[in-house]
Structures are given as structure tokens and as C-alpha cells.
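One line per chain: the protein sequences are A and B, in this order. The first sequence begins at 1 in this note's numbering and counts up one residue at a time. The second sequence begins at 1001 in this note's numbering and counts up one residue at a time. For glycine and all other residues, C-beta sits at the position ideal for the given N, C-alpha and C. Quick caveat, the model's predicted, so the values are computed rather than measured.
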Amino acid sequence: MMKTSFLRGVLIASVFAASLCLLRGTIQAGSSGDSARKEYADKIRATYNYRFGTDKLSTPGNASIEGDDFVQPGAFPNAKYCAHCHQQAYHQWRQALHSNSFRTPFYRTSVNILIRTKGIEFSRHCDSCHNPIAVLSGALTQDSQVDRSFDQDGLTCATCHSIQELKSTNGNGGFVMGIPSVMVDEQGNRIPGEVPYEEILKHSQRHSMAVMKSFYRTPEFCAACHKANLPDTLNDYKFIRAFTTYDEWQLSKFSQRNPLTFYTADFTTCQGCHMKRAPNTLPDSGAKNGTFASHSWPAGNTAVPFYYGFDEQLRKTIDFLKAGNFLNVDILALHKAGENKLIAPLGSVPFSLKPNDLVETLVVIQNKNIGHSLIPEVRDLYEAWVEFNAQDADGKDIYHSGFIKPDGSLDERAHSFTNRPVNVDGGFVDNHKVWTIHSVAYDNSIAAGRSVLVRYQFHIPPNVKGPITVTAKVNYRHFRQSYLNNVFGKNHPEYPVVEIASRTRRLNLGDNHPTQSEPSDNPEWMRWNNLGIAYLDQSQYADAVLAFGEVVKLRPDYPDAYINVALTQIQWEKYESARLSIQKALSLSPNSARALYYSALLERRASNYDAETADLKKVVEQYPQSRDARRDLGIALYRQHDYTAAREQFEALQKIDPDDLAAHYNLSIIYRRIGMEQEAAEQQALFVTKKFDPGAPTYSFDFLRQHPEISIESIPWHVHTNYEGKPTYGAQ
Amino acid sequence: MKHLFPILWMLFTPWGATGETPTCPWLNLATASGVLRSSASSPMAVLTGLSATVCDFTYQDPVSSRTLKITVEQAKDPDQTFIAYRKQCGVTATALHAVGNEAWMCEADARGQMYGEQVIGRVRDNIFTVRLSTSLRDDPSIPRETLEEKARTIAEQVAGSLF
């Protein structure tokens, strides 16, 4: 007994002594780490190119680090170190986009042009997200003597898991990196660098405290890099918002922060789609109940796994693109030339066709369950388009749009969900030279939850053998063929084209009777609703009201049907009709934030400012992160000279969207009125640099004039046709 | 044409004439040292040769010397030129996936004096070679597998700079 007590005493004393030693060692390691960092940073600073200011390490990017000084690349533990306990994470990460964020030919081709033409210091803009270790270690300067072996790991474990704080949702690397640490000490202080695995296993909670933050699970974490702008320090022109995936999500039904969406859904974050939990196949200490949050981040990029031969990642990406009911393709209606009647919705109504008919097919593509636009982000490089095919009974093409040509390039007359950024010469900004963008000739991406209407007109040949089969597909390719050619030269393997969604209908020559719907088809009211949304976005207000009217007929108890009619009428400036529709919606759903918002706009129109404010306050109460409601409430309060309350709304709006022009404009005035001169000047400057350049469309017009084959894509209402008879307006 | 100026500069500007340290356009000295050195505390490698088409890095310690040689040639007929280069590797070459447009790796032992690995690759019309060698047959700090891995890593770095 005494012996046991003695041994226990010795053990406790030993553990205590060991803890003291460990703590002492930690403190010493911390201070020697600090001095090593200082020594390293002193060396880097001596030759660093401070083009953008001596206090700006990462400009034109936004990445920053605690201590605001350079850090040794070796401060970031290698991914293989993490792999010891996180085999599943390592295996997935190695094939994923994050680990290949820098090294791929697709990225290097573009960033190398920036480095060669403007200087390596400008690449801090791109690498704040693509290679933050390069930025924060001071490697992006002329004649750098930083060992770049970390390039191969891109965004390694210790980059994301060392972020300590998020800045505003401005993107371009809007994070504050901490000195990487995989464990905190007993006081919660971060221990820099690697520690022995035994220590981590003994103190797993302290490991978690070092490498996990609750904000890692939020969309704002993703916004740090999945949102980008082109600042004047990069383009010597003005601020241009490049892409806003985070904002697109924030405005989508999945955020539950926007009362104005056409449909509703359960709250889903970026991680909810791109980091789904699944059973782990490899041992991983981060697994919970046998499942692990995916570190494959499946999305749309098939090119990187294809190039590296990462078959597992490629399969996951293709499965992801095809799964989830992301898009709905609806061959919704036919319109025969010479007849006023729209044959819609197809499958539900009888009709007849005959040879020599000139038929317009209305295809509605719904961005049904993507939490951002189709295509998101780099729309000048990625390629999604509609392939439409009408074939006779022998499989012979009557009309084919959106085909791949023998040289691998896409039919230039295809309807694509891309954009065309242009430079000051009116030329297409090729190779993602974003610093030369001055305008965008068109952007045909589909916002989350919206629908587009694509029209295909074809002539039924006189001797055709029926039935005619029409198919509409949405295809996706990463990347545009011309970019692949720029990267590799013309002689390269064909990159995958993935069919995301499609629908086929058979058209008999003669009578066509109603047919059974397919499981993936939307219900009839939704088909009309989507048509209405598409018409609305093409400014075809009369047709939109008719389509939404069909929804009212099918679902007279559905408040949003009336709201949709009202919002169309508001855009059409038919306010009295809109008021009736809103009243009907509010009678069905008195607290509908969506109805109240449009009601407020109508009250404003009628100069009923108190009612307007009251409606908007109710909306903000239900949706405090609604940018539209905050903006309009700010305007309403400003008009009533309640500057304090208006300021509160605009400041809240800036926290949601730091780029909102109305917030910059109004805050600049409000701040000046209340004597906050410096803040007023800042807001004024932000307004000036962010506001639309009225001269910019000139460059777009130059581009469109030079490219008649696609210029019609810039017009919301246009028809794709093979008809070679009498020219029709708006046809291509 | 756009590459002509730097090529002429490197051909006709003697080192030191500009007061700047000469650098290899495809790989910096620190990264080269990283693959050549025995450990992080070992001395840095030295850039011992530089021209428009070649960078030579050398590392010397008391028991061994190691070299990294990079060559880049812009070819008028890249397919034919690449085939000619590939012959240096012989039939035992291994195809490397995802290094440039295409790349091959093979042993590059030189008459019992240097033991190394070589990568011959192509990025569009640029043909490049990377040769990593050590004077020790069984260099304890760079075993054969490590030599292969390092040669591949450097080849990927060089290819990345050529894209």
C-alpha cells in the first residue's frame, strides 16, 4: 500500500516536473521562434519590393498575418506531417483543388503573364488566395531567395487551419493568418510549429483549439477567397468586382437571409454542399461517428484532376456535377410561325406539327439548387452551354446548336452561360488577364434560383421522316478550348465535357397528345413560374404577367404567385395593378416579408412614407441580413431626415455587402452632416472608385461590333435559328 | 520576339556588370539549394553556370558534390526536337504524368563519376531538361528514390515557370 502511494507520488511529481519542462520549453520555443521570424523578416524586408507601400505586404491582395511581418515558409507544417493522424484528409486534399491551387498549368499560364508583363509583385493579388505562403513569406518579389518547394502544396492544411480572423467579406484573401500552430499550451497560447504526435494524442482538445475555429464552418470563411475584386493597385483603373460567389449564396434561398427569392430551401452553407460528411475509408482522427467532412471539395473543376490523373477526384467531380438536381431543363413550349398561340406547357397540351412548319422551341433552364450562379467565378475561362438538337427519325440533324467542332472548340453561336470581359481595345480579355478588364460585353450566367429562356427556331424539312426528337442539354467544360490551347498549344488531349442535365421530347408530325411527365420534371405550376421568371429577366413583362397568371390559376392560394405578378408590374411601372396583387398576397400571408418589401416600394411610390418605413421595418425584423431591405429602409429613413437611424441601416448594410454603392453614397452624406469628415471622405472615395464607369460600355460595343457571331448574346431576348429564309429580327 | 531581349541580355551582359546577382529564370537558388543540400543547416548551393539556355547549380560538402543542371530550348519543331531529346533517355525511360505537356525520366549516371536522374520534358514549344546528380553512388542523404522524387519536383517547378 505504502509502496503504491510512494510510486503514485513519484509519478505525480514526475508529471508535474515534465509539465514544467514542457511549458518552459514552449515559452523558450516561442521566443526563439519570434527571433527567428524577426531575423527572417529583416532579411526579406531588405530587398522586398514595396511598390504599394512599406506597410502593405500583400497588396494588391488582402492576405495578412498576425504581427504584420513576413514569416518563414517553414513555419507552416508540411501536409505530410498532418497526414500521420489524418490520412483521409490528406488523401482527399492531395487530389483536391486546394492542394493544387498554385502549381497547375491552368493557373501558372495566367499568373506568369502577369509576372512577365507587370511584375511579380502584382501576383500578390492572385496568390493571396492561390499561394498565401508565398505572399506571407515575402517570396513574391524580384530575385527572391525563398525556397519555393511549398508551391507544390498550394493551400496546405496549415494555411486554412491557421487563419485566426476574417476581415470584411471583400475577398482576395480577406483573412488574418496566425503563426501556424497545432497545439495550444495549458493557458491556451498557441505553440508555434510542429509538436510530437504523442503530445497531440495526449491533448487532443488542445490540438483542436489550435487548428479549429467555429468560423471555419461559415460561408464567410469561404468568402475570404471565393470572392474577388480587381483593385486600382492592380489595374491602374478602378475597383471592379470580379466575382462574388459568397454574395450569390447570400442572395440565394439557401442563405435564408434574402426575403426576395422566388423559392425557399433549408439553410445550407458552402460547406453543406462542398464538404459533405461521408464514411471515411482511411483512418482519420478528425472523423466523427465514422464519417469525415470531405476535403475533396467537389465542384466543377474536371481539368485539374484530368491533368494530374487523379481519377478518384475526377469521378467525384463528375458525380457531383450530375447529382443534386442542380439544374432543371424544360423544353417548355413551342411557337409556330404565323400563329399567336403559345403551345405550352409541352406534355400537357395537344398540338400538331407538319413539314415546312417554322417552329420556335422555348427551353427554360432553371438554376434550381445551386447556391450560386451558373457559372460561378471565372466565367471567361469555364464553359457551360446549351446543346440543342432536333433530329429526324433516322437520327439525322435538322438543327444542332452548341456542338463541339472538330478542333475541339464550341460552336460560337451556342447559348453559353459565360461572359465576355473586354479591354480598352474592345478585345476579349484572353488568358484571364483580369488586370486589363475595362468592361464586360455580356454576362449570361444564371443567378441562383433564377431561370433563363433560350429560344431555338428550326424549319421542319418538307420530306422529313418523323417523329422529330428534340433534346436540350446543359454541358460543362473546364476550360474553354481556346484557353486549353493557350496553355498547352493546340495538340493536347480532349478535356472532359460533362452533361449536367438534359431533357428530350418527341414531336410527332401530325397530332401530339399529352404525355406522362418524367420524375425530374417540375410540377406544372413551377414550369409556368420559371417561364415567368425568365420572361421577367428578359424584360418581357406582358408575357411574364401571363405566365405568372397561369401559376395563379393553378395555385390560387399561393401568395408568391401574386407577388411575382406584382413585382413584374412594378418593373413595368404599372403600380396600381401591382398594388392589387400585393394586397391579395398580403391577404393570404400577412407577414410575408417578400410581399411587405414590394408593398413598401408601392407605398413609397404613393408618398406614404410612414407605411413604407413600417413595412420595411417588418422585413428587417424578419430578415436582418437582407441587403435590399436594409438599403431601402436606410433610404426611407434618410428621406424622413432621421439620419441616425438611416446611418444605422447603411452601416448594417455595409457589414452584409461592403460594396453597396447606396451605402457608400448615403453614408458619405450622412457622415458629413454629422461632422465625421474623415469617414465621409472615405465613403466618398469608395463610392467614386466602385461606381460604374459610364465610359466602359464603349469598349463592349467595340467588341460586339467586331463579333457579330455572338453579339446577339448581349441582347436578353434573342433566337438561335437555322432558318435561312426571310431574316427575322433578333435572330442569329 | 518577346523573349529575345532577356536572351540577348544574358548572352552579352557579363555577370556583375549590372551590379545585380545573376539569377536562373526558371528556378531560384534557394529552391535549388533545397534539393541539393544535405540539410537546412548545410551551406547554400552555388549558381556555377548561367546562359540563355542553361542554369547549373552546384553544392559541395566535404564528402560529396551534387549538381542540378537545367536546360531550356525553344524549338521550331517541338515534336521532332522532343523526340531527339528523348533519345538521351533510351528505352528505359519512365513517362511522368502531369509535368508540362509531357515528360520522361531516366537515370543519368555519368561513367561512374556522377549518379543522377534526368527529366526531359516539354511545355508547348519549350523543351527542357533537368539533371540532378551526386558524386556518391549511394549518397546517404539522397537515396535513389529521393533523387527521382526531387528531380520530378524540380521538373515540375521548371515546367510551371515555362507555362
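Worksheet item: For Lys-341 of chain A, does the three-state DSSP call read helix, strand or coil?
Response: Working through the first sequence from its first residue, we reach residue 341 of chain A at position 341. In the structure shown, Lys-341 of chain A sits in coil (DSSP, three-state: anything other than H, G, I, E or B).
Fill in: Proximal residues of chain B, C-beta to C-beta of Gln-649 of chain A below 9 Å
What you label residue 649 of chain A is simply residue 649 of the first sequence in a count that begins at 1. Within chain B, no residue comes near Gln-649 of chain A; the closest Cβ sits about 48 Å away, beyond 9 Å.
Worksheet item: What are the uninterrupted segments assigned as alpha helix (DSSP H) that are 4 or more residues long and contained completely in the stretch 637-710 of chain A, given in chain order?
Response: 643-656, 661-673, 677-690, 697-706
Discussion item. Using a Cβ-Cβ cutoff of less than 8 Å, which residues in the same chain neighbour Arg-103 of chain A once the five nearest sequence positions on both sides are dropped?
Written reply: By one-based count along the first sequence, residue 103 of chain A stands at place 103. Here the set comprises Asp-151, Gln-152, Gly-154.
Practice prompt. Closer than 8 Å, Cβ to Cβ, to anything on chain B: give me those residues from the stretch 104-137 of chain A, in chain order.
Written response: Pro-105, Arg-108, Thr-109, Asn-112
Worksheet entry | Pairwise C-alpha distance: Ile-1127 of chain B and Glu-1148 of chain B | Locating residue 1148 of chain B in the second sequence gives position 148, counting from the first residue. Locating residue 1127 of chain B in the second sequence gives position 127, counting from the first residue. Taking the straight line from one Cα to the other gives about 19 Å.
Worksheet item: Which residues in chain B sit within 8 Å of Asp-151 of chain A, going by Cβ to Cβ distance?
Response: Translated into positions along the first sequence, residue 151 of chain A becomes position 151. Ordered by position in chain B, the residues that pass the 8 Å Cβ test against Asp-151 of chain A are Gln-1157, Gly-1160.
Practice prompt. Please work out which residues of its chain come closer than 7 Å, Cβ to Cβ, to Val-10 of chain A, disregarding the five sequence neighbours upstream and downstream, and give them in chain order.
Written response: Taking the first residue of the first sequence as 1, we reach residue 10 of chain A at position 10. Below a pLDDT of 50, predicted positions are generally treated as unreliable, and Val-10 of chain A, at 44, falls in that range; the measurement from the model is reported next regardless. Counting only Cβ-Cβ distances below 7 Å, and skipping sequence neighbours, we find nothing.
Discussion item. Contact criterion: CB-CB distance below 7 Å. Does Val-195 of chain A meet it with respect to chain B?
Written reply: For this step, residue 195 of chain A is matched to residue 195 along the first sequence. False, the Cβ-Cβ gap to chain B never drops below 7 Å.
Worksheet item: With burial defined as no fewer than 16 other Cβ atoms inside 10 Å of the residue's Cβ, what is the status of Thr-54 of chain A: buried or exposed?
Response: By 1-based counting over the first sequence, the position of residue 54 of chain A is 54. Label assigned to Thr-54 of chain A: exposed.
Worksheet item: What does Leu-1029 of chain B reach in chain A if we use C-beta pairs closer than 8 Å?
Response: In the second sequence, residue 1029 of chain B corresponds to position 29, counting from 1. In chain order: Gln-145.
Worksheet item: Roughly how many angstroms separate the alpha carbons of Ser-1065 of chain B and Leu-1047 of chain B, rounded to a whole number?
Response: Taking the first residue of the second sequence as position 1, residue 1065 of chain B is located at position 65. Taking the first residue of the second sequence as position 1, residue 1047 of chain B is located at position 47. C-alpha separation (whole angstroms): 13 Å.
Worksheet entry | Any C-beta of chain B under 7 Å from that of Phe-351 of chain A | As a working note, residue 351 of chain A is residue 351 in the first sequence. No - not a single Cβ of chain B is within 7 Å of the one on Phe-351 of chain A.
Discussion item. I want to see whether chain A comes within less than 7 Å of Ala-1052 of chain B, judged by CB atoms only; does it?
Written reply: To locate residue 1052 of chain B, count along the second sequence from 1; it is residue 52. Taking Cβ atoms only, chain A never reaches closer than 7 Å to Ala-1052 of chain B, which makes this a no.
Worksheet item: Which parts of the stretch 439-527 of chain A are runs of the beta strand (DSSP E), unbroken and 3 residues or longer, counting only runs that do not cross its ends?
Response: 439-443, 451-459, 468-478, 497-507, 510-512
Discussion item. Below 8 Å, how does it come out for the stretch 247-262 of chain A and the stretch 618-629 of chain A: are there three or more Cβ pairs, yes or no?
Written reply: yes
Discussion item. The beta strand (DSSP E) that contains Tyr-1115 of chain B, what's its start and end?
Written reply: To locate residue 1115 of chain B, count along the second sequence from 1; it is residue 115. 1115-1123 is the extent of the beta strand (DSSP E) around Tyr-1115 of chain B.
Discussion item. With a threshold of 7 Å between beta carbons, is Gly-1034 of chain B in contact with chain A?
Written reply: Numbered from 1 along the second sequence, position 34 holds the residue referred to as residue 1034 of chain B. Cβ-Cβ to chain A under 7 Å: yes for Gly-1034 of chain B.
Worksheet item: Residues bridged to Val-422 of chain A by DSSP?
Response: To locate residue 422 of chain A, count along the first sequence from 1; it is residue 422. Answer is A:Phe-428, A:Ser-439.
Worksheet item: Can you find a CB in chain A that lies within less than 7 Å of the CB of Arg-1152 of chain B?
Response: By 1-based counting over the second sequence, the position of residue 1152 of chain B is 152. Chain A, which has no Cβ nearer than 7 Å to the Cβ of Arg-1152 of chain B, makes this no.
Discussion item. Determine, for Arg-480 of chain A, whether the minimum Cβ-Cβ distance to residues of chain B falls below 7 Å.
Written reply: Within the first sequence, numbered from 1, the residue matching residue 480 of chain A stands at position 480. Closer than 7 Å: no.
Item to complete: Would you check if there are 3 or more beta carbon pairs closer than 8 Å linking the stretch 372-390 of chain A to the stretch 429-437 of chain A?
Response: yes
Worksheet item: DSSP state of Cys-85 of chain A, grouped into three classes?
Response: Position 85 of the first sequence, counted from the start, is the residue given in the question as residue 85 of chain A. Correct three-state label for Cys-85 of chain A: coil.
Discussion item. With DSSP as the reference, identify every bridge partner of Trp-717 of chain A, one or two as the case may be.
Written reply: Taking the first residue of the first sequence as 1, we reach residue 717 of chain A at position 717. Answer is none; Trp-717 of chain A lacks a bridge partner.
Practice prompt. Show which residues of chain B have a CB atom less than 9 Å away from the CB atom of Arg-148 of chain A.
Written response: For this step, residue 148 of chain A is matched to residue 148 along the first sequence. Residues of chain B passing the Cβ test: Leu-1027, Asn-1028, Ala-1030, Thr-1031, Gly-1034, Gln-1157.
Item to complete: Would you tell me roughly how many angstroms separate the C-alpha atoms of Asn-100 of chain A and Glu-573 of chain A, rounded to the nearest one?
Response: Sequence index remark: in the first sequence, residue 100 of chain A carries index 100 (1-based). Sequence index remark: in the first sequence, residue 573 of chain A carries index 573 (1-based). Distance between the alpha carbons of Asn-100 of chain A and Glu-573 of chain A is about 51 Å.
Item to complete: State the CB to CB distance for the pair Val-363 of chain A and Ile-331 of chain A, rounded to an integer number of angstroms; the pair is presumed to be in contact (CB under 8 Å).
Response: In the first sequence, the residue the question calls residue 363 of chain A occupies position 363. In the first sequence, the residue the question calls residue 331 of chain A occupies position 331. Indeed they touch by this definition, with Cβ atoms about 6 Å apart.
Worksheet item: Taking the alpha-carbon positions, what's the Thr-1146 of chain B to Asp-1139 of chain B distance?
Response: Position 146 of the second sequence holds residue 1146 of chain B. Position 139 of the second sequence holds residue 1139 of chain B. Answer to the nearest angstrom: the Cα atoms are 10 Å apart.
Practice prompt. Give the secondary structure of Ala-614 of chain A by DSSP, where H, G and I count as helix, E and B as strand, and everything else as coil.
Written response: For the purposes of this step, residue 614 of chain A is taken as the residue at position 614 of the first sequence. Here Ala-614 of chain A sits in helix by DSSP.
Practice prompt. Compile a chain-ordered list of the residues in the stretch 1077-1109 of chain B whose CB is closer than 7 Å to at least one CB of chain A.
Written response: His-1097, Ala-1098, Asn-1101
Discussion item. If you measure between the beta carbons of Leu-536 of chain A and Pro-559 of chain A, is that distance less than 7 Å?
Written reply: Translated into the one-based positions of the first sequence, residue 536 of chain A becomes position 536. Translated into the one-based positions of the first sequence, residue 559 of chain A becomes position 559. No; because the gap between Cβ atoms is not below 7 Å, this pair is not in contact.
Worksheet item: Exposed or buried, Asn-340 of chain A, counting other C-beta atoms within 10 Å across all chains shown (16 or more means buried)?
Response: Within the first sequence, residue 340 of chain A is the residue found at index 340, counting from 1. Exposed, by the Cβ-count rule.
Discussion item. Whether or not the stretch 213-233 of chain A and the stretch 592-609 of chain A are in contact is what I'm after, with contact meaning three or more pairs of Cβ atoms, one per stretch, closer than 8 Å; do they touch?
Written reply: no
Practice prompt. Quick one: using the 10 Å Cβ neighbour count with 16 as the cut-off for buried, is Asp-407 of chain A buried or exposed?
Written response: Indexing the first sequence from 1 puts residue 407 of chain A at position 407. With fewer than 16 Cβ atoms within 10 Å of its Cβ, Asp-407 of chain A is classed as exposed.
Practice prompt. Note down, in chain order, each residue of its chain lying with its Cβ closer than 8 Å to the Cβ of Ile-343 of chain A, except the 5 sequence neighbours on either side.
Written response: By 1-based counting over the first sequence, the position of residue 343 of chain A is 343. Excluding sequence neighbours, Ile-343 of chain A sits near Ala-333, Leu-334, His-335, Lys-336, Val-349, Phe-351.
Discussion item. Using a Cβ-Cβ cutoff of less than 7 Å, which residues in the same chain neighbour Pro-734 of chain A once the five nearest sequence positions on both sides are dropped?
Written reply: The structure shown does not extend to residue 734 of chain A, since chain A spans only 1 to 732, so no value can be given for it.
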